[in-house]
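Student:
Number of protein chains: 2
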Amino acid sequence: MRYSQLFGKTEKQAPRDYQVVSHQLLYRGGFIRESTAGRYYFLPLGMRVADRIMAVIEAEMDQAGGQKMITPVLHPLELWQETNRTASTGFELMKIKDRRGAQFALGGTAEEMFVELTRRFKLSYKDLPFNLYQFSTKFRDELRARGGLMRVREFTMKDAYSFDRNEVEFKKTYAQMAKTYSRIFTRLGLKTQMVAADNGYIGGDYCHEFVTETPVGESKYFTAGDYCAHAEIAKFKLKPKNLGEKSKSMKKIVAKRGPTMEDGVKLHGLPLWQQIKDLMMVNEKGEFILGVIRGDLGVNEIKLKNVVRAYDLRHATEEEIIKLGSYPGFISPIGLSKKVKVVVDPSLKTIVNAYTGANKKHLDYLNVNYGRDFKADLEADIALAKAGDIAPNGKKLAARRGSEVGNIFQLGYHYTNLMKGSTFTDKDGSQKKYYMGCYGIGIGRTMQTIAEIHHDDQGIIWPESVAPYQVHLINLQVSADSIYDQLVKAGIEVLYDDRDDVSAGVKFADADLIGMPIRLVVSAKTKDKIEWKNRAGKKIELLGLEEVVKRCLKK
Amino acid sequence: MRYSQLFGKTEKQAPRDYQVVSHQLLYRGGFIRESTAGRYYFLPLGMRVADRIMAVIEAEMDQAGGQKMITPVLHPLELWQETNRTASTGFELMKIKDRRGAQFALGGTAEEMFVELTRRFKLSYKDLPFNLYQFSTKFRDELRARGGLMRVREFTMKDAYSFDRNEVEFKKTYAQMAKTYSRIFTRLGLKTQMVAADNGYIGGDYCHEFVTETPVGESKYFTAGDYCAHAEIAKFKLKPKNLGEKSKSMKKIVAKRGPTMEDGVKLHGLPLWQQIKDLMMVNEKGEFILGVIRGDLGVNEIKLKNVVRAYDLRHATEEEIIKLGSYPGFISPIGLSKKVKVVVDPSLKTIVNAYTGANKKHLDYLNVNYGRDFKADLEADIALAKAGDIAPNGKKLAARRGSEVGNIFQLGYHYTNLMKGSTFTDKDGSQKKYYMGCYGIGIGRTMQTIAEIHHDDQGIIWPESVAPYQVHLINLQVSADSIYDQLVKAGIEVLYDDRDDVSAGVKFADADLIGMPIRLVVSAKTKDKIEWKNRAGKKIELLGLEEVVKRCLKK
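Protein sequences, first through last, are from chains A and B.
So the first sequence is numbered by the working numbering: it starts at 405 and just counts up by one.
So the second sequence is numbered by the working numbering: it starts at 405 and just counts up by one.
1. Could you say if the stretch 627-644 of chain B and the stretch 569-587 of chain B meet the contact criterion of at least three C-beta pairs nearer than 8 Å?
2. Is the separation between the beta-carbon of residue 628 of chain B and that of residue 799 of chain B shorter than 9 Å?
3. Could you check if residue 664 of chain A is buried or exposed, using at least 16 other CB atoms within 10 Å of its CB as the buried criterion?
4. At the 9 Å Cβ level, is residue 439 of chain A part of the contact set with chain B, yes or no?
5. Anyone know if the C-beta pair for residue 541 of chain A and residue 541 of chain B falls short of 9 Å?
6. Does any C-beta atom of chain A lie closer than 9 Å to the C-beta of residue 855 of chain B?
7. According to a CB-to-CB cut-off of less than 7 Å, which residues of the stretch 528-561 of chain A neighbour chain B?
8. Roughly how many whole angstroms lie between the Cα atoms of residue 735 of chain A and residue 668 of chain A?
9. Give me the residue from B:898, B:626 and B:851 with the minimum Cα distance to residue 794 of chain B.
10. How many Å lie between residue 797 of chain A and residue 599 of chain A at the Cα?
11. Tell me the DSSP secondary structure of residue 853 of chain A in three-state form.
12. Quick one: any contact between the stretch 444-458 of chain A and the stretch 506-525 of chain A, if contact means 3 or more CB pairs under 8 Å?
13. Using a Cβ cut-off of 9 Å, pull out every chain A residue sitting near residue 654 of chain B, in sequence order please.
14. Can you tell which of B:904, B:508, B:577 and B:445 has its C-alpha closest to the C-alpha of residue 470 of chain B?
15. I want to see whether chain E comes within less than 9 Å of residue 584 of chain A, judged by CB atoms only; does it?
16. Would you call the CB atoms of residue 863 of chain A and residue 442 of chain A closer than 9 Å?
17. For the beta strand (DSSP E) that contains residue 623 of chain B, what are its first and last residues?
18. If I measure Cβ to Cβ from residue 475 of chain A and keep anything under 8 Å in the same chain, skipping five residues before and after, which residues do I get?
19. Any idea which residues DSSP pairs residue 717 of chain B with across the strands?
20. Take residue 935 of chain A as the anchor and find which of A:941, A:926 and A:942 has the nearest alpha-carbon.
21. Is there at least one Cβ from chain A nearer than 9 Å to residue 684 of chain B's Cβ?
22. Pull up the distance between the alpha-carbon of residue 741 of chain A and that of residue 605 of chain A, whole angstroms please.
23. Between the stretch 940-958 of chain A and the stretch 528-535 of chain B, do at least 3 Cβ pairs fall closer than 8 Å?
24. Under 9 Å between beta-carbons, which chain B residues line up against residue 477 of chain A? List them in chain order, please.
25. Could you tell me whether the Cβ atoms of residue 972 of chain B and residue 856 of chain B are closer together than 9 Å?
26. Measuring straight from C-alpha to C-alpha, what distance separates residue 802 of chain A and residue 752 of chain A?
27. Using DSSP with H/G/I as helix, E/B as strand and the rest coil, what is residue 636 of chain B?
28. Which residues in chain B sit within 7 Å of residue 447 of chain A, going by Cβ to Cβ distance?
29. If the cut-off is 7 Å on Cβ atoms, which residues from the stretch 562-593 of chain A count as contacting chain B, listed in chain order?
30. What's the gap between the Cα of residue 630 of chain A and the Cα of residue 622 of chain A?
31. Pairs of beta-carbons, one from the stretch 675-690 of chain B and one from the stretch 716-734 of chain B, closer than 8 Å: are there three or more?
32. So residue 848 of chain B and residue 559 of chain B are supposed to be a Cβ contact under 8 Å. How far apart are they, rounded?
33. Which of helix, strand or coil does DSSP assign to residue 531 of chain A?
34. Given that a residue counts as buried once 16 or more other Cβ atoms are within 10 Å of its Cβ, and exposed if not, what is residue 678 of chain A?
35. Under the three-state reduction of DSSP, which class applies to residue 738 of chain B: helix, strand or coil?
36. Could you check what DSSP says for residue 962 of chain A in three-state terms: helix, strand or coil?
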């Protein structure tokens, strides 16, 4: 491709509000342009990178036995109602009606569509397992788009759905997909960590994110030796605090204090960990849930949401708390309305003689003991991990941040339980539900993460596997048309900067910005040789055309 | 691919309401499934055909200098308002709002998006021409979906947009795209005819459909030697009727007749061609338009719509006609309300002493002469051609029907006039608008048209260029695993029917139905040889593996 004919030239500056370097570089290099916030044009150079990423994914998915197909973008809304996913606000679902009144969801993920398709076939155990995948446009009505392609409202996703005979077989599929994902990202030039995470609106019991560590990523997670978990679900061990202390009898006292935990510490002169923290939440049905935890810990709202099986949780308002017969800053599980579901974190078993509010303004309880003075409707881990906490394997948690480029989900029977007729005929003639998993990779976010990981001050340094062209050929004064033609004829993909109205400096800067793996320069100085420089290195070599072709083809 | 593992097996019967053979075959062969009416799943086999079709298109578009990119599916509605296309009902536009209230159109074609992108760049005359294309999902809120993939509501389209410096340069681009399209369809196994057609909601002055002749297609067109035009715009020459006759003075008479043309003929005992036909229409603004034509001809409503530059035309109701001061069945341009725009077809210049209604029930005019007794607001060709009419080149029109697999449009300055800032800097430093064209190919319709053209009673006969697999390998009793492995290793794409629970008859029938170009059979009878049969032929050969590989690779 001649640069003079390429649509989408380089720019010296990115818009001021582009804060992520890879976003700036993809803009400046002429790879992408924003349409409306969170919706992007992929320009010809960007399209070539995306195509190469998709080709790697396709090859590895096929290698793992995947079968490519495609579903419509507009999903019949009935299907989403069948699985209760229209109720989940986490999903940011977009809906549309056609002129005959039929309702559709704009596909954000396609579990329902694949189950709906699969259940039309009379499948036997011989047909299983299989794994179907597609590359298709996905929609998420995000409140905020951020960081270029890192968080968008419309994007191409590779989504795959596996159908197994049972859990044992599925575990093999899941392990195979985990391996396939590692291989895909390695080929794309990304180191990834497999981070245990929350299934969220997708359903199922467990899942893993494939995360590339980078400060511009949105995934917060912890590592501790071989333990690696998303902040949303990370577990840690607690040491007992004052269990040796003799339990005293509970008493109610006047407590003229403000509403914060610190106000309690100050008034009573007792440690923060001895205080009980109470967090009043409301689920999507308007039911109240109280999270109760040791005062020095935070409540992990995702964990809390999961243990009470809510679609959505929000903080109760002060009005709601008062209407319940309690008081903000003085909430307590003791003597609370029976309407409230009390969830107690096991951390309360590491302390005795705790203190907390008494559901009235300026009244506190002292010497409160969990089990004796109040009970839980549900005891469950709802604690928020932080750096330095002790992981289940005994090692210290280190906080990390990264970009989630892929994810794999166990779905189990989540969808097959909800969607009638999603069964196969087993060996013994009985109808059995299939056991499912799903597997996603966002193409745009992967592309930007590659640029984020592989760049220097001058621009992008594309890994060979995804570079839009292998070679960036520059001519200075003399023509390089014949060399361009010969390289192309040899089957090498070349971006040829054939402009005659810009300086050598501009051409070099553009080559560094766009980031092809190899830069070739032809000038009066190089005579019948060609100057070879790898984008990633500093060494400059003078080579004959034959040698250049040989080296390119070897790569 | 082992057939036992393939998702989407063959079926003996298609649903009863599938009337088009290619639709039945694509269903029965396991290529597609309908989601909701007009929205399709492409199963793994269908996806492979679609991928091959797209690969051919991509190669030819690149060869012609096209640059692949992609735009978002959701187009900001403001852009469609900028070009008045939200007013066009012909388009069946789907609209959606996001939760922040931003409005979008679901892309049905992407002229606005490409102009919006292009006008952001400071283009110079050196940057032009260029031609951008994408493969993306398109939406049309059709009232009726029909014939499988022939008329759908959601589909993948290759759409390209060319930007030229001026009309002269554009004509070269247009001619090049016409050639490219011919080459694409030839490679895909389709004979196409380039049919002049109506630009419709796309805008611009002229366009051509690429049509493959087949009775299941929706495009009606005429050919006459080198003349080839869509029924919507076909022109023809008229012979004078009674111009030799002396013109008589007009008179109004009582005419107790019904409202039809035939009623007029019967009452007056005069030929149909001597009667004047009056068709009252209403445009999208509620304005009245009267089409006036010789009685033996039909009004072509598309021609009429175009000459009055309406977005939409509908027939006036009886009530509206009466309210206008006329009467259904007795409409006449003479003495009609001034609110009505009268469009007269030149055919009225081929007759004298015509008869027509008098805008009152049971009153007719006799001896009406156009020019003398009434005038046109606009004289223009609004006549509907029919088989046997004489084309502009003097030859007889033959009526044909076909499937429109592609189209190319001159857009000229249609969009650049409507969208501000869509300019480039010319050599002399002045800002000039770019001159545009656009070029579409529907992937699904192309796929089904190929199946419609290439099938026999047993099933599909895929051309090699688009076959999902080159070879269909069948084993009977003995295993063909090793032959399968060796063929795959040699780089040949093989569908291997490895089932051991079906008869030879079932395997042969399935191979014929699915339609790979080559069928290979391994059985006890073939010993160390392999039976080779082309799907399209009858000849059966016994060949060694080496010979089979050699022949396959040569293809």
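Cβ coordinates follow ideal geometry from the N, Cα and C atoms, glycine included.
Keep in mind it's a predicted model, so treat the numbers as computed, not measured.
Tutor: Judging by the given coordinates:
1. no
2. Position 224 of the second sequence holds residue 628 of chain B. Position 395 of the second sequence holds residue 799 of chain B. Cβ distance < 9 Å, so residue 628 of chain B and residue 799 of chain B count as in contact.
3. Position 260 of the first sequence, counted from the first residue, corresponds to residue 664 of chain A. That one is exposed.
4. Taking the first residue of the first sequence as position 1, residue 439 of chain A is located at position 35. By this cut-off, residue 439 of chain A is an interface position.
5. Against the first sequence, residue 541 of chain A aligns to sequence position 137. Against the second sequence, residue 541 of chain B aligns to sequence position 137. Yes.
6. Position 451 of the second sequence, counted from the start, is the residue given in the question as residue 855 of chain B. No, residue 855 of chain B does not count as interfacial toward chain A.
7. 530, 534, 536, 541, 545 and 558
8. One-based indexing of the first sequence puts residue 735 of chain A at position 331. One-based indexing of the first sequence puts residue 668 of chain A at position 264. The straight-line gap from Cα to Cα measures roughly 12 Å.
9. On the second sequence, residue 794 of chain B is found 390 positions in, with the first residue counted as 1. The residue with the shortest Cα to Cα distance from residue 794 of chain B is B:626.
10. Reading the first sequence from its first residue, position 393 is the one you call residue 797 of chain A. Reading the first sequence from its first residue, position 195 is the one you call residue 599 of chain A. One C-alpha to the other measures close to 15 Å.
11. As a first step, residue 853 of chain A is located in the first sequence; it is residue number 449 there, counting from the start. Note: residue 853 of chain A maps to helix in three-state DSSP.
12. no
13. Working through the second sequence from its first residue, we reach residue 654 of chain B at position 250. Those within 9 Å of residue 654 of chain B in chain A number zero; the least Cβ separation is about 48 Å.
14. The residue labelled residue 470 of chain B in the question sits at position 66 within the second sequence. That would be B:577, whose Cα lies nearest to the Cα of residue 470 of chain B.
15. Protein chains A and B are contained in the structure displayed, whereas chain E is not.
16. Position 459 of the first sequence, counted from the first residue, corresponds to residue 863 of chain A. Position 38 of the first sequence, counted from the first residue, corresponds to residue 442 of chain A. Result no, Cβ atoms of residue 863 of chain A and residue 442 of chain A do not sit closer than 9 Å.
17. Reading the second sequence from its first residue, position 219 is the one you call residue 623 of chain B. Note, residue 623 of chain B: beta strand (DSSP E), 623-628.
18. Along the first sequence, one-based indexing puts residue 475 of chain A at 71. For residue 475 of chain A, where only same-chain residues beyond five positions count, the Cβ hits under 8 Å are 511, 514, 517, 518, 521, 538 and 540.
19. Along the second sequence, one-based indexing puts residue 717 of chain B at 313. Partner(s): B:687.
20. Position 531 of the first sequence, counting from 1, holds the residue named residue 935 of chain A. Comparing Cα positions, the closest option is A:926.
21. By one-based count along the second sequence, residue 684 of chain B stands at place 280. False, the Cβ-Cβ gap to chain A never drops below 9 Å.
22. Within the first sequence, residue 741 of chain A is the residue found at index 337, counting from 1. Within the first sequence, residue 605 of chain A is the residue found at index 201, counting from 1. One C-alpha to the other measures close to 30 Å.
23. no
24. The sequence position of residue 477 of chain A within the first sequence is 73, counting from 1. Chain B residues near residue 477 of chain A: 443, 477, 510, 541, 543 and 558.
25. With chain B running from 405 to 959 in the structure shown, residue 972 of chain B is simply not present.
26. Your numbering for residue 802 of chain A matches position 398 in the first sequence. Your numbering for residue 752 of chain A matches position 348 in the first sequence. Cα to Cα, residue 802 of chain A sits roughly 25 Å from residue 752 of chain A.
27. The count along the second sequence starts at 1 and reaches residue 636 of chain B at position 232. If DSSP states are grouped into helix, strand and coil, residue 636 of chain B belongs with coil.
28. Here residue 447 of chain A refers to the residue found at position 43 when the first sequence is read from its first residue. Per Cβ cutoff of 7 Å: 473.
29. none
30. As a working mapping, residue 630 of chain A is identified with position 226 in the first sequence. As a working mapping, residue 622 of chain A is identified with position 218 in the first sequence. Taking the straight line from one Cα to the other gives about 22 Å.
31. yes
32. Here the question's residue 848 of chain B lines up with position 444 in the second sequence. Here the question's residue 559 of chain B lines up with position 155 in the second sequence. That pair is a contact at about 5 Å.
33. Reading the first sequence from its first residue, position 127 is the one you call residue 531 of chain A. If DSSP states are grouped into helix, strand and coil, residue 531 of chain A belongs with the helices.
34. In the first sequence, residue 678 of chain A corresponds to position 274, counting from 1. Per the 10 Å Cβ criterion, buried.
35. As a first step, residue 738 of chain B is located in the second sequence; it is residue number 334 there, counting from the start. DSSP places residue 738 of chain B in coil when its eight states are reduced to three.
36. A question about residue 962 of chain A goes unanswered here, because the residues of chain A that appear run from 405 up to 959.
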